[in-house]
Structures are given as structure tokens and as C-alpha cells.
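Sequential numbering from 9 applies to the sequence shown in this note's numbering. By construction, the Cβ of each residue, glycine as well, lies at the ideal position given by its N, Cα and C atoms.
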Amino acid sequence: MKIHINDLSFKCIIGILDFERIKKQKVIINLSFEYEFSKDKFINYAEVSNLIETTMKKEKFLLLEDAILHIENLLNSTYNISNLYIKISKPNILTNCIVSLSN
């Protein structure tokens with residue numbers, strides 16, 4: 009089974025510039041992963057979304073790379089998943105484009 013969570017959006021502290029370390033910025037996270045499904049063993053995608061949002065709001069990251077590694081470690085240690093893909097976008101950091109990073 010494959011789960012896709014798209015356009016998970018919230019504000020958090022992420023960046024290396026002074027204003028990025030004070031003012032929360034909007035991030036958009038898209039992720040997908042595979043797992044072995046059975047009726048008594050499934051992954052609650054709302055729980056995954058809440059876990060990511062809660063940890064991102066609690067932590068402060070310098071780089072998008074740091075955030076991706078943190079999410080990757082968190083999900084791999086919490087769930088029995090494979091083929092994890094994560095993409096984080098900062099839509100408002102530059103005036104003429106959206107900056108994204110994926111693993």
C-alpha cells in the first residue's frame with residue numbers, strides 16, 4: 009500500500025537568515041511511503057500529518073535539508089515503512105519563485 013500526503017501546510021521556524029530565525033515561515037510538505045497493509049495493521053495518515061506538523065513547529069531548523077532528515081528519521085523510527093519520499097517547499101522566501109528540496 010502507498011500513502012501520499014500532499015500540501016501539508018503550516019508555519020514554522022526554518023532558515024539561516026536572522027529574520028528566518030524569528031518570523032515563522034510557511035512550508036508545504038508532500039510525502040509518500042509504502043507499507044504492508046492488513047486490516048489489523050494500518051497507518052493512520054492523519055496521525056502522520058499531525059506528527060510532522062507538531063515536530064516541525066516544535067523544532068527550529070537551519071536548513072530544509074535538516075528538516076527532511078529529521079522527518080525521515082522520525083517516520084522511519086515510528087512506522088515500518090519503505091520508499092519514503094519527502095519534499096519541503098518554502099513558497100514565500102523568494103519573490104519570484106518557490107524553493108523546494110526533496111530526498
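DSSP state of lysine 65, grouped into three classes? Along the sequence shown, one-based indexing puts residue 65 at 57. Helix.
Looking at the strands, I want to know which residues DSSP matches up with serine 46. Numbered from its first residue, the sequence shown carries residue 46 at position 38. DSSP lists Lys49 as partners of serine 46.
Which residue's Cα is closest to the Cα of glutamate 73: Asn88, Val107, Asp26, Asn100? By one-based count along the sequence shown, residue 73 stands at place 65. It is Val107 whose Cα lies nearest to the Cα of glutamate 73.
Cα-Cα separation between leucine 25 and histidine 78, rounded to whole angstroms: Along the sequence shown, read from residue 1 onward, the residue named residue 25 stands at position 17. Along the sequence shown, read from residue 1 onward, the residue named residue 78 stands at position 70. Computed Cα separation, rounded: 20 Å.
Classify isoleucine 21 as helix, strand or coil using the three-state DSSP reduction. Taking the sequence shown and counting its residues from 1, one reaches residue 21 at position 13. In this structure, isoleucine 21 counts as coil in the three-state DSSP scheme.
Looking at asparagine 100: is its Cβ nearer than 9 Å to the Cβ of glutamate 80? Here the question's residue 100 lines up with position 92 in the sequence shown. Here the question's residue 80 lines up with position 72 in the sequence shown. Cβ atoms of asparagine 100 and glutamate 80: not closer than 9 Å.
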